[in-house]
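Chains as they are written, first to last, in our numbering: chain S, 1 to 94; chain B, 1 to 425. Positions of the beta carbon are idealized from the N, C-alpha and C atoms, including for glycine.
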């Protein structure tokens with residue numbers, strides 16, 4: 001709601017708006033989705049990022065979503081169908 | 001050298017559902033219109049079973065059961081959000097883009113040989129949003145639409161079809177039924193078939209004089225576009241830039257607290273804004289209702305405005321009033337002294353040439369448009385507000401709950417409700 005900048009008489013003194021969590025956590029808005037993780041955490045999933053080995057991803061296994069870490073080497077059983085890359089896990093502490 | 005690409009999502013509603021429920025892949029799936037009336041989206045497997053577009057759901061009960069068709073209710077929150085994502089992704093590729101409907105957009109290029117680029121666009125949209133698209137590339141919008149049909153019906157082309165890459169474009173036009181041409185609706189189709197004009201090619205080859213006499217300037221525009229001459233957007237010879245939005249709002253003389261009064265005010269604003277839309281030959285796909293309270297009175301901010309996706313896009317006042325009232329009910333808080341109410345109609349697009357949309361089997365479209373026409377003409381002659389809609393000025397005793405539509409098989413709103421997020425285990 002207060003998206004503008006407050007100005008003083010000296011134009012160089014500009015107060016930036018509050019830190020925006022959305023801007024910080026979401027790199028590709030059109031390709032970013034939220035999910036509930038197995039431990040109850042909130043997952044930020046980015047479909048625009050490549051599924052490189054070692055990354056935490058959401059994969060489709062038997063028609064459902066499964067969160068897992070991609071192994072360093074490709075598994076022998078053939079290619080895994082990756083839905084997106086998990087970029088953040090947000091846990092509630094209260 | 002200008003080229004247009006028409007990007008069209010495949011079986012859009014079904015595709016949206018499939019992104020969040022992979023079990024729906026490779027299965028016959030249909031999505032029903034609001035109120036679970038008619039089939040408005042079918043997967044290719046459902047099409048193969050012979051289920052027609054627009055078929056009333058109760059008539060298909062047998063086929064659904066026999067072939068274990070997955071039947072889903074419309075999940076508009078999801079579709080609107082997925083549409084936004086597709087459009088945003090397309091915009092990144094081509095700022096000269098124009099969302100034409102919830103699942104189609106035109107991209108405009110000023111270069112040769114965009115075929116390979118279009119393949120990339122299709123792949124990226126699929127990767128980022130999960131939605132598969134078909135792309136038609138040609139010199140004009142009408143031709144791009146035709147090319148899009150070909151791309152969609154011939155998956156062997158990999159989702160992209162460029163008319164320019166084809167050795168004999170006229171052969172392609174010869175294989176397209178005249179009724180499938182963008183800009184030729186049911187009435188004109190009947191007329192043309194009567195004249196022996198069966199295909200897009202036949203129509204393209206008709207003499208101008210014949211077209212002008214039977215179909216007027218708009219028919220001529222379609223023909224020229226088929227011939228490769230772009231008649232893009234009649235922004236009346238560069239006078240006014242196309243409208244981006246229409247706003248109607250007003251501050252109240254005294255603070256208003258009752259929902260009934262707010263509904264009347266909002267209805268009035270909708271009527272006024274929609275009239276302007278119709279004057280400019282436009283329709284809207286996004287409606288925003290906003291309320292204002294006295295400043296500094298109540299500390300914590302509360303939602304004072306709400307956007308509503310309008311699908312299909314329309315300039316029909318009663319329909320818009322209905323959507324506006326829904327939004328109003330969502331943001332209204334009892335006992336707050338409202339000082340202002342308003343409505344904004346945005347994401348405007350031109351009223352397309354005579355086409356019948358099969359949404360919910362609403363065949364009354366031409367009649368409704370004629371009604372709006374008459375209302376507008378009376379108001380223009382005798383003064384604004386001579387003919388009003390009941391919602392605008394009648395004391396409402398009780399809000400109707402009959403507007404709540406049926407949606408027995410709606411999936412979760414995966415991307416717009418925190419409580420309905422998809423689960424990963």
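Beta-carbon contacts of residue i that lie in its chain and below 8 Å, excluding the five residues immediately before and after
{"i": "residue 297 of chain B", "result": "In this predicted model, residue 297 of chain B has a pLDDT of only 48, less than 50, meaning its place in the structure is not dependable enough to derive any value."}
{"i": "residue 173 of chain B", "result": "146, 199, 200, 201, 204, 226"}
{"i": "residue 49 of chain B", "result": "28, 63, 67, 69"}
{"i": "residue 2 of chain B", "result": "108, 109, 110, 139, 230"}
{"i": "residue 301 of chain B", "result": "In this prediction, residue 301 of chain B has a pLDDT of 47, which is less than 50 and means its spatial position is unreliable; what the coordinates show is noted afterwards. Excluding sequence neighbours, residue 301 of chain B sits near nothing in its chain."}
{"i": "residue 53 of chain B", "result": "39, 40, 42, 358"}
{"i": "residue 332 of chain B", "result": "259, 262, 291"}
{"i": "residue 21 of chain B", "result": "411"}
In DSSP terms, what residue i is bridged to
{"i": "residue 9 of chain B", "result": "B:133"}
{"i": "residue 343 of chain B", "result": "B:248, B:289"}
{"i": "residue 160 of chain B", "result": "B:135"}
{"i": "residue 66 of chain S", "result": "S:59"}
{"i": "residue 349 of chain B", "result": "B:283"}
{"i": "residue 423 of chain B", "result": "S:36"}
{"i": "residue 56 of chain B", "result": "B:38"}
{"i": "residue 338 of chain B", "result": "B:256, B:293"}
{"i": "residue 4 of chain B", "result": "B:108, B:138"}
7 Å Cβ shell around residue i - same chain, five flanking residues per side excluded
{"i": "residue 151 of chain B", "result": "134, 135, 136, 157, 159, 160, 161"}
{"i": "residue 214 of chain B", "result": "191"}
{"i": "residue 238 of chain B", "result": "Unreliable placement is indicated for residue 238 of chain B, whose pLDDT of 38 sits below 50; the coordinate value is still reported in the next sentence. Same-chain partners within the cutoff: there are none."}
{"i": "residue 362 of chain B", "result": "Summary for residue 362 of chain B: the model assigns pLDDT 42, below 50, so the residue's position carries little reliability; its value from the coordinates is reported in the next sentence. None."}
{"i": "residue 25 of chain S", "result": "44, 88"}
{"i": "residue 48 of chain S", "result": "28, 31"}
{"i": "residue 423 of chain B", "result": "none"}
{"i": "residue 15 of chain B", "result": "9, 131, 132"}
{"i": "residue 224 of chain B", "result": "231"}
{"i": "residue 122 of chain B", "result": "133, 135, 159, 160"}
{"i": "residue 318 of chain B", "result": "389"}
{"i": "residue 71 of chain S", "result": "53"}
{"i": "residue 282 of chain B", "result": "243, 315, 348, 349, 350, 351"}
{"i": "residue 98 of chain B", "result": "105, 106"}
{"i": "residue 46 of chain S", "result": "27, 28, 31, 32, 84, 85, 87"}
Extent of the continuous beta strand (DSSP E) to which residue i belongs
{"i": "residue 42 of chain B", "result": "39-42"}
{"i": "residue 86 of chain S", "result": "82-90"}
{"i": "residue 309 of chain B", "result": "305-314"}
{"i": "residue 229 of chain B", "result": "Premise fails: residue 229 of chain B is in no beta strand (DSSP E) and is neither H nor E."}
{"i": "residue 30 of chain B", "result": "29-32"}
Sub-8 Å separation of residue i and residue j beta-carbons
{"i": "residue 309 of chain B", "j": "residue 36 of chain B", "result": "no"}
{"i": "residue 63 of chain B", "j": "residue 71 of chain B", "result": "no"}
{"i": "residue 270 of chain B", "j": "residue 327 of chain B", "result": "no"}
{"i": "residue 200 of chain B", "j": "residue 111 of chain B", "result": "no"}
{"i": "residue 244 of chain B", "j": "residue 143 of chain B", "result": "no"}
{"i": "residue 39 of chain B", "j": "residue 30 of chain B", "result": "yes"}
{"i": "residue 421 of chain B", "j": "residue 94 of chain S", "result": "no"}
{"i": "residue 90 of chain B", "j": "residue 125 of chain B", "result": "yes"}
{"i": "residue 90 of chain S", "j": "residue 39 of chain S", "result": "no"}
{"i": "residue 163 of chain B", "j": "residue 169 of chain B", "result": "yes"}
{"i": "residue 57 of chain S", "j": "residue 51 of chain S", "result": "yes"}
{"i": "residue 206 of chain B", "j": "residue 212 of chain B", "result": "no"}
{"i": "residue 100 of chain B", "j": "residue 93 of chain B", "result": "no"}
{"i": "residue 73 of chain B", "j": "residue 32 of chain B", "result": "yes"}
{"i": "residue 367 of chain B", "j": "residue 325 of chain B", "result": "no"}
{"i": "residue 315 of chain B", "j": "residue 278 of chain B", "result": "yes"}
{"i": "residue 67 of chain S", "j": "residue 82 of chain S", "result": "no"}
{"i": "residue 218 of chain B", "j": "residue 286 of chain B", "result": "no"}
{"i": "residue 284 of chain B", "j": "residue 81 of chain B", "result": "no"}
{"i": "residue 251 of chain B", "j": "residue 340 of chain B", "result": "yes"}
Cβ neighbours of residue i in the same chain (closer than 6 Å, five flanking residues each side left out)
{"i": "residue 104 of chain B", "result": "8"}
{"i": "residue 417 of chain B", "result": "none"}
{"i": "residue 419 of chain B", "result": "none"}
{"i": "residue 444 of chain B", "result": "The first residue shown for chain B is 1 and the last is 425, placing residue 444 of chain B beyond what the model contains."}
{"i": "residue 119 of chain B", "result": "160"}
Range of the contiguous alpha helix (DSSP H) that encloses residue i
{"i": "residue 212 of chain B", "result": "208-226"}
{"i": "residue 266 of chain B", "result": "259-279"}
{"i": "residue 323 of chain B", "result": "317-331"}
{"i": "residue 205 of chain B", "result": "200-205"}
Uninterrupted alpha helix (DSSP H) stretches inside the stretch 10-59 of chain S (no shorter than 4 residues): For secondary structure counted as the alpha helix (DSSP H) over 4 or more consecutive residues, the stretch 10-59 of chain S holds these complete runs in sequence order: 21-25.
Complete alpha helix (DSSP H) runs within the stretch 65-142 of chain B (minimum length 4 residues, chain order): Runs of alpha helix (DSSP H) with 4 or more residues, each lying fully within the stretch 65-142 of chain B, are found at 76-93, 115-129, listed in chain order.
Alpha helix (DSSP H) segments (min. 4 residues) lying fully within the stretch 162-188 of chain B: Qualifying alpha helix (DSSP H) stretches, in chain order: 169-174.
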